[in-house]
Amino acid sequence: MITQFRKFSAPNELWIFPNLPASELDVEREGSVAWHIKNMPPSGARWVTNQAEADVKLAVAERSRGFDSYVRNLMDEYHLGLQTPVLRLFVERGFTEASAKVAAELAERKVAALQRFIKRVVERQVFRQVVEQAGINPDEANVRLHWGRPVKPRMAVGDMLKAYELGVITRGELRRMLVKGGWELQQEE
Numbered sequence: 192m193i194t195q196f197r198k199f200s201a202p203n204e205l206w207i208f209p210n211l212p213a214s215e216l217d218v219e220r221e222g223s224v225a226w227h228i229k230n231m232p233p234s235g236a237r238w239v240t241n242q243a244e245a246d247v248k249l250a251v252a253e254r255s256r257g258f259d260s261y262v263r264n265l266m267d268e269y270h271l272g273l274q275t276p277v278l279r280l281f282v283e284r285g286f287t288e289a290s291a292k293v294a295a296e297l298a299e300r301k302v303a304a305l306q307r308f309i310k311r312v313v314e315r316q317v318f319r320q321v322v323e324q325a326g327i328n329p330d331e332a333n334v335r336l337h338w339g340r341p342v343k344p345r346m347a348v349g350d351m352l353k354a355y356e357l358g359v360i361t362r363g364e365l366r367r368m369l370v371k372g373g374w375e376l377q378q379e380e
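Numbering-wise (my numbering), the sequence shown opens with residue 192 and increments by one.
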């Protein structure tokens with residue numbers, strides 16, 4: 192495919208100079224017309240001639256039309272490699288809303304599978320060895336890796352007051368907890 196891309200991605204040029212002597216068609220002879228055409232840079236080069244019927248024709252191969260689908264396929268492979276549907280939501284040939292939801296669910300399953308794999312490896316090969324080196328039985332320690340944000344327990348005001356009455360927390364701690372819960376309390380004097 193690379194060879195075809197190099198050969199057919201840009202059109203070939205046919206240079207026509209009627210009545211040009213054969214010596215000017217020798218590519219190896221420095222200074223000849225053919226030598227200059229061969230050594231001309233691919234862009235920005237211009238050719239000037241005083242020959243009335245001189246012409247340059249582009250010969251476009253039929254196969255070069257298929258490169259659009261080749262490039263589209265490369266972009267699809269790139270998006271698949273990233274393993275996220277988010278980019279496809281912003282491109283011209285993006286997803287519909289329904290297909291975006293399905294793609295997001297699929298991506299979430301891939302992430303969950305990767306998390307399970309990492310959890311297994313880390314728990315068995317990292318945590319276990321670290322706990323053993325610390326002189327603790329890893330089965331009793333039962334160290335686990337948990338994904339996501341830690342869940343904060345919701346505390347009812349009644350539970351906080353009960354903890355204060357039992358002497359588990361101090362009055363200052365109770366006040367801080369109530370302020371975090373949205374209560375507007377003035378500073379104690």
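Quick reminder that beta carbons are idealized off the backbone N, C-alpha and C, glycines included.
Rounded distance between the beta-carbons of residue j and residue i, thought under 8 Å
i      : j      : result
Thr188 : Ala304 : Limits of the chain in this structure are 192 at one end and 380 at the other, which puts residue 188 out of reach.
His270 : Leu278 : 6 Å
Val247 : Glu204 : 6 Å
8 Å Cβ cutoff met for residue i and residue j
i      : j      : result
Trp226 : Val218 : yes
Leu365 : Met346 : no
Leu336 : Glu356 : no
Ser223 : Ser214 : yes
Pro209 : Glu244 : yes
Arg319 : Pro329 : yes
Gln377 : Trp338 : no
Val348 : Ala332 : no
Segment limits, alpha helix (DSSP H) that includes residue i
i      : result
Gln324 : Arg319 to Gln324
Ile309 : Glu288 to Val312
Leu271 : Phe258 to Leu273
Pro329 : Pro329 to Ala332
Gly363 : Arg362 to Lys371
Ala243 : Where Ala243 is concerned, there is no enclosing alpha helix (DSSP H), given that its DSSP letter is neither H nor E.
Trp338 : Segment: none, Trp338 is in no alpha helix (DSSP H) and carries neither H nor E.
Glu379 : Where Glu379 is concerned, there is no enclosing alpha helix (DSSP H), given that its DSSP letter is neither H nor E.
Ala168 : Any property of residue 168 remains undetermined from this structure, which presents the chain solely from 192 to 380.
Asp350 : Val348 to Glu356
Cβ-based burial, residue i [other Cβ within 10 Å; buried from 16]
i      : result
Val334 : exposed
C-beta neighbour in chain D for residue i, strict 8 Å
i      : result
Pro329 : In the structure shown, chain D cannot be found, because there is only a single protein chain.
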